[in-house]
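Some notes on the structure that comes next.
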Amino acid sequence: MSTVEQLLAAARARAPGPGYAGAVTPHEAYELVQADTRVVLVDVRTNAERDWVGRVMLPENQHRAVQWSTWPGGVPNPDFVQQLEAVARKDDVLLFLCRSGVRSRHAATLATQHGFANSYDILEGFEGDKDGEGHRKTVGGWCHAGLPWMGA
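Its first residue numbered 1285, the sequence shown is counted upward by one per residue in the working numbering.
Below you can see the structure in the form of C-alpha coordinates.
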(Lines of atoms letter the chains of each structure in order from A and count residues from 1; the text may use other names and numbers.)
(Lines give C-alpha, C1' and ligand atoms only; values in the text may rest on other atoms or scores of the structure.)
Protein backbone atom coordinates (compact mmCIF):
# COMPACT_ATOMS: atom_id res chain seq x y z
CA MET A 1 0.00 0.00 0.00
CA SER A 2 1.39 3.42 -0.97
CA THR A 3 1.88 6.28 1.46
CA VAL A 4 -1.10 8.09 -0.05
CA GLU A 5 -3.33 5.03 0.34
CA GLN A 6 -2.18 4.57 3.95
CA LEU A 7 -2.82 8.21 4.85
CA LEU A 8 -6.25 8.23 3.21
CA ALA A 9 -7.18 4.95 4.93
CA ALA A 10 -6.30 6.52 8.30
CA ALA A 11 -8.30 9.63 7.35
CA ARG A 12 -11.35 7.55 6.39
CA ALA A 13 -11.15 5.82 9.78
CA ARG A 14 -11.55 9.26 11.40
CA ALA A 15 -14.65 10.14 9.39
CA PRO A 16 -17.43 11.30 11.70
CA GLY A 17 -20.03 9.50 9.62
CA PRO A 18 -21.26 9.57 6.05
CA GLY A 19 -20.92 13.38 5.68
CA TYR A 20 -17.49 13.38 3.99
CA ALA A 21 -14.56 11.07 3.24
CA GLY A 22 -12.50 11.62 6.39
CA ALA A 23 -10.13 13.85 8.33
CA VAL A 24 -6.36 14.38 8.20
CA THR A 25 -3.95 16.07 10.58
CA PRO A 26 -2.02 19.07 9.26
CA HIS A 27 1.13 16.91 8.93
CA GLU A 28 -0.80 14.26 7.00
CA ALA A 29 -2.26 16.92 4.71
CA TYR A 30 1.21 18.22 3.92
CA GLU A 31 2.52 14.70 3.37
CA LEU A 32 -0.36 13.96 0.97
CA VAL A 33 0.31 17.10 -1.05
CA GLN A 34 3.99 16.21 -1.30
CA ALA A 35 3.27 12.59 -2.28
CA ASP A 36 0.68 13.18 -5.01
CA THR A 37 0.26 16.18 -7.29
CA ARG A 38 -3.45 15.33 -7.69
CA VAL A 39 -4.09 16.24 -4.04
CA VAL A 40 -5.44 19.79 -3.69
CA LEU A 41 -5.66 21.87 -0.52
CA VAL A 42 -8.74 24.13 -0.60
CA ASP A 43 -8.43 27.06 1.80
CA VAL A 44 -11.98 28.09 2.73
CA ARG A 45 -11.01 31.04 4.94
CA THR A 46 -11.99 34.53 3.84
CA ASN A 47 -9.72 36.55 1.59
CA ALA A 48 -9.18 38.88 4.56
CA GLU A 49 -7.96 35.99 6.75
CA ARG A 50 -5.46 34.91 4.12
CA ASP A 51 -4.29 38.50 3.60
CA TRP A 52 -4.09 39.48 7.28
CA VAL A 53 -3.25 36.21 9.07
CA GLY A 54 -1.24 34.23 6.53
CA ARG A 55 -1.29 31.65 3.77
CA VAL A 56 -0.12 28.10 3.33
CA MET A 57 2.87 27.81 1.05
CA LEU A 58 2.23 25.05 -1.48
CA PRO A 59 2.71 24.66 -5.21
CA GLU A 60 0.14 26.81 -7.01
CA ASN A 61 -1.39 23.80 -8.78
CA GLN A 62 -2.17 22.21 -5.39
CA HIS A 63 -3.61 25.18 -3.56
CA ARG A 64 -7.00 26.77 -4.16
CA ALA A 65 -8.91 29.48 -2.31
CA VAL A 66 -12.71 29.30 -2.17
CA GLN A 67 -14.30 31.35 0.61
CA TRP A 68 -16.86 29.48 2.73
CA SER A 69 -18.16 32.81 3.97
CA THR A 70 -17.47 36.32 2.78
CA TRP A 71 -15.84 39.30 4.41
CA PRO A 72 -17.14 41.53 5.89
CA GLY A 73 -20.04 40.08 7.80
CA GLY A 74 -19.33 36.37 7.59
CA VAL A 75 -22.22 35.81 5.20
CA PRO A 76 -22.27 32.30 3.71
CA ASN A 77 -20.87 32.28 0.18
CA PRO A 78 -23.87 31.41 -2.03
CA ASP A 79 -21.52 30.51 -4.91
CA PHE A 80 -19.28 28.15 -2.95
CA VAL A 81 -20.11 25.00 -4.96
CA GLN A 82 -19.88 26.76 -8.32
CA GLN A 83 -16.53 28.31 -7.36
CA LEU A 84 -15.25 24.92 -6.19
CA GLU A 85 -16.36 23.33 -9.45
CA ALA A 86 -14.37 25.99 -11.32
CA VAL A 87 -11.08 25.11 -9.58
CA ALA A 88 -11.33 21.38 -8.78
CA ARG A 89 -12.36 18.14 -10.47
CA LYS A 90 -14.86 15.73 -8.95
CA ASP A 91 -12.19 12.98 -8.74
CA ASP A 92 -9.54 15.16 -7.05
CA VAL A 93 -8.55 14.45 -3.46
CA LEU A 94 -9.60 17.69 -1.75
CA LEU A 95 -8.28 18.72 1.65
CA PHE A 96 -10.34 21.55 3.16
CA LEU A 97 -8.64 24.04 5.50
CA CYS A 98 -10.10 26.85 7.62
CA ARG A 99 -8.92 28.69 10.76
CA SER A 100 -9.64 26.01 13.36
CA GLY A 101 -11.44 23.13 11.65
CA VAL A 102 -15.14 24.05 11.73
CA ARG A 103 -15.83 25.65 8.34
CA SER A 104 -13.64 23.04 6.66
CA ARG A 105 -15.91 20.25 7.95
CA HIS A 106 -18.95 22.04 6.55
CA ALA A 107 -17.16 22.61 3.24
CA ALA A 108 -16.13 18.94 2.99
CA THR A 109 -19.72 17.89 3.70
CA LEU A 110 -21.21 20.22 1.08
CA ALA A 111 -18.58 19.23 -1.48
CA THR A 112 -19.38 15.56 -0.89
CA GLN A 113 -23.09 16.26 -1.37
CA HIS A 114 -22.23 17.76 -4.76
CA GLY A 115 -20.20 14.82 -6.05
CA PHE A 116 -16.69 15.52 -4.71
CA ALA A 117 -16.39 12.09 -3.12
CA ASN A 118 -12.77 12.52 -1.98
CA SER A 119 -13.37 15.48 0.36
CA TYR A 120 -11.37 15.54 3.60
CA ASP A 121 -11.29 17.93 6.55
CA ILE A 122 -7.93 19.16 7.84
CA LEU A 123 -8.19 18.86 11.61
CA GLU A 124 -7.12 21.84 13.74
CA GLY A 125 -7.14 24.23 10.74
CA PHE A 126 -4.55 26.86 9.91
CA GLU A 127 -4.31 28.54 13.33
CA GLY A 128 -5.57 25.84 15.72
CA ASP A 129 -7.49 26.44 18.92
CA LYS A 130 -6.96 29.33 21.31
CA ASP A 131 -4.51 28.84 24.15
CA GLY A 132 -5.18 29.82 27.77
CA GLU A 133 -4.48 33.46 26.95
CA GLY A 134 -6.78 33.53 23.92
CA HIS A 135 -4.01 33.38 21.30
CA ARG A 136 -3.97 31.12 18.27
CA LYS A 137 -1.05 29.40 16.49
CA THR A 138 0.19 27.92 19.78
CA VAL A 139 -2.18 24.94 20.14
CA GLY A 140 -2.56 22.75 17.07
CA GLY A 141 -3.00 23.78 13.47
CA TRP A 142 -0.92 24.16 10.32
CA CYS A 143 1.22 27.00 11.69
CA HIS A 144 1.95 25.38 15.06
CA ALA A 145 2.93 22.17 13.26
CA GLY A 146 5.75 24.08 11.57
CA LEU A 147 4.42 23.53 8.07
CA PRO A 148 5.18 26.04 5.30
CA TRP A 149 3.24 29.28 5.55
CA MET A 150 3.79 32.94 4.98
CA GLY A 151 2.61 35.59 7.41
CA ALA A 152 0.87 38.76 6.46
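The beta carbon of each residue, even a glycine, is placed where N, CA and C say it ideally should be. Every value quoted in this text rests on a predicted model; they were computed, and no experiment measured them.
If contacts are defined as beta-carbon pairs under 8 angstroms, then residue i and residue j qualify, I think. What distance do you get, rounded to the angstrom?
i       : j       : result
ALA1295 : GLY1306 : 3 angstroms
GLY1409 : GLY1425 : 5 angstroms
TYR1404 : LEU1381 : No, TYR1404 and LEU1381 are not in contact; Cβ-Cβ is about 10 angstroms, not under 8 angstroms.
VAL1340 : ASP1327 : 7 angstroms
Short of 7 angstroms in beta carbon distance, which residues of its chain neighbour residue i, apart from the five on each side in sequence? Order them along the chain.
i       : result
VAL1317 : VAL1323, LEU1325, LEU1342 and GLN1346
TRP1355 : THR1330, ASN1331 and ALA1332
ALA1319 : THR1287 and VAL1288
VAL1371 : ARG1348 and VAL1350
ALA1313 : LEU1325, LEU1379 and ILE1406
SER1388 : VAL1328, PHE1380, LEU1381, CYS1382, ASP1405, ILE1406 and GLY1409
Give the straight-line distance between the Cα atoms of residue i and residue j, rounded to the nearest whole angstrom.
i       : j       : result
ARG1329 : GLN1351 : 5 angstroms
HIS1390 : ALA1299 : 13 angstroms
GLU1289 : LEU1431 : 21 angstroms
THR1321 : SER1353 : 27 angstroms
GLU1344 : PRO1360 : 25 angstroms
VAL1377 : HIS1419 : 32 angstroms
ARG1348 : GLN1367 : 10 angstroms
GLY1301 : THR1393 : 10 angstroms
ASP1375 : PHE1364 : 18 angstroms
ALA1297 : TRP1433 : 28 angstroms
ARG1383 : GLN1397 : 22 angstroms
GLY1358 : ASN1402 : 27 angstroms
HIS1311 : GLU1417 : 25 angstroms
ARG1280 : VAL1386 : This structure does not reach residue 1280, given that the chain is present from 1285 up to 1436, and the question cannot be answered.
LEU1291 : ALA1395 : 20 angstroms
GLY1338 : PRO1362 : 24 angstroms
Within the same chain, show all residues whose beta-carbon is closer than 8 angstroms to that of residue i, passing over the 5 residues directly before and after it, in chain order.
i       : result
VAL1423 : GLY1412, ASP1413, LYS1414 and ASP1415
PHE1400 : LEU1368, ALA1372, LYS1374, ASP1376 and LEU1378
LYS1421 : GLU1411, GLY1412, CYS1427 and HIS1428
ALA1293 : MET1285
What residues are listed by DSSP as bridge partners for residue i?
i       : result
MET1434 : ARG1339
TYR1304 : Answer is none; TYR1304 lacks a bridge partner.
LEU1381 : ASP1327
VAL1272 : Examination of residue 1272 is not possible in this model, given that the chain is present from 1285 through 1436 alone.
HIS1347 : LEU1325
TYR1404 : GLY1306 and LEU1379
SER1356 : At residue 1356 the sequence reads Pro, which differs from the Ser that was named. Paired residues: none, contrary to the question.
For a test of your reading of the model: does the CB of residue i fall under 6 angstroms from any non-hydrogen atom of the ligand GDP? Yes or no.
i       : result
GLN1346 : Ligands are entirely absent from the displayed structure, and the ligand GDP is therefore not among its contents.
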